[in-house]
Ligand SMILES: [Zn+2]
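Residue numbers (the working numbering): 263 to 501.
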């Protein structure tokens, strides 16, 4: 790659420089490509169709490839079964340390999904998961729900993801996976909040309901939309 072909403009918030060139340190974040979200109890329409696109990205020169996964106990607070409530109804839930019940959040009652150490929680067959550098689990506590790969829904506790990205001096995060209108959307919004230049690959994301609305929402928050082909062209030139 020549000096005039800087793949992506430098980020404002991470002005690390080397040899006079603005740093570009990209991380790929593969969100929740698990059996239950592809073909199981909470299958996202069309999810299998993005596996090949995600695989096509894995050999690019990422600083790190982080995979996230829902990894729930079988009595997780997001499960309708846990509350004896109808699927897709809503229940207000509180962080377990919020003893005064000051910050309730309306939680969708999902089917039981991605129970830790079950087939439903495994990465989907066909995905080159051996190429992942790190796996970040979320929703591991029975009373805590996390959509974002950065933190729980109340913003009280982070996962290890912020530290991983910070220690590797990542400047740009590229998001793929499931579901575009839940975990990808919330991860994208938090990535912007944490100061990362944030890209969402529209042809490597699928949503449960209205993807167009989700993409509009993240765009308004400063997330940049791109495609696998564009990313391969930009990063692949340097391989
Ligand atoms: Zn979940």
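Cβ coordinates follow ideal geometry from the N, Cα and C atoms, glycine included.
Closer than 8 Å: residue i CB and nearest ligand 1 heavy atom
i	result
residue 490	no
residue 407	yes
residue 372	yes
residue 401	yes
residue 340	yes
residue 384	no
residue 336	no
residue 443	no
residue 414	no
residue 343	no
residue 375	yes
residue 332	yes
Sequence-distant residues of its chain with Cβ nearer than 6 Å to residue i (five each side left out)
i	result
residue 402	333
residue 273	Interpretation of residue 273 is limited by its pLDDT of 47, a score under 50 that renders its predicted location unreliable; no figure is taken from the coordinates.
residue 345	353
residue 408	400, 401, 414
residue 276	Confidence in residue 276 is poor, its pLDDT being 48 and thus under 50, which makes the residue's placement too unreliable to answer from.
residue 366	354, 356
CA-to-CA distance, residue j to residue i, given in whole angstroms
i	j	result
residue 310	residue 356	34 Å
residue 373	residue 285	43 Å
residue 291	residue 339	25 Å
residue 396	residue 329	6 Å
residue 352	residue 498	44 Å
residue 299	residue 364	32 Å
residue 427	residue 289	8 Å
residue 320	residue 383	21 Å
residue 392	residue 369	33 Å
residue 312	residue 362	43 Å
residue 487	residue 464	7 Å
residue 429	residue 398	15 Å
residue 492	residue 431	23 Å
residue 326	residue 421	16 Å
Neighbourhood of residue i by C-beta, 7 Å cutoff - its chain only, sequence neighbours within 5 removed
i	result
residue 317	389, 390
residue 470	306, 441, 443, 444
residue 452	410, 412, 413
residue 343	374
residue 456	412, 424
residue 324	288, 289, 290
residue 303	373, 374, 375, 382
residue 473	442, 443
residue 337	344, 404
residue 489	463, 464, 465
Close beta carbons around residue i, own chain, < 8 Å, minus the five adjacent residues each side
i	result
residue 450	437, 460, 462, 480, 483, 485
residue 335	377, 378, 402, 403, 404
residue 358	403, 405, 406
residue 347	353, 371
residue 301	309, 310, 386
Supposed close pair residue i, residue j - CB separation, criterion 8 Å
i	j	result
residue 296	residue 385	6 Å
residue 417	residue 293	The pair is not a contact, with the Cβ atoms about 18 Å apart (cut-off 8 Å).
residue 446	residue 467	5 Å
Cβ of residue i within 9 Å of any chain D Cβ
i	result
residue 378	Absent here is chain D; the protein component of the structure consists of one chain.
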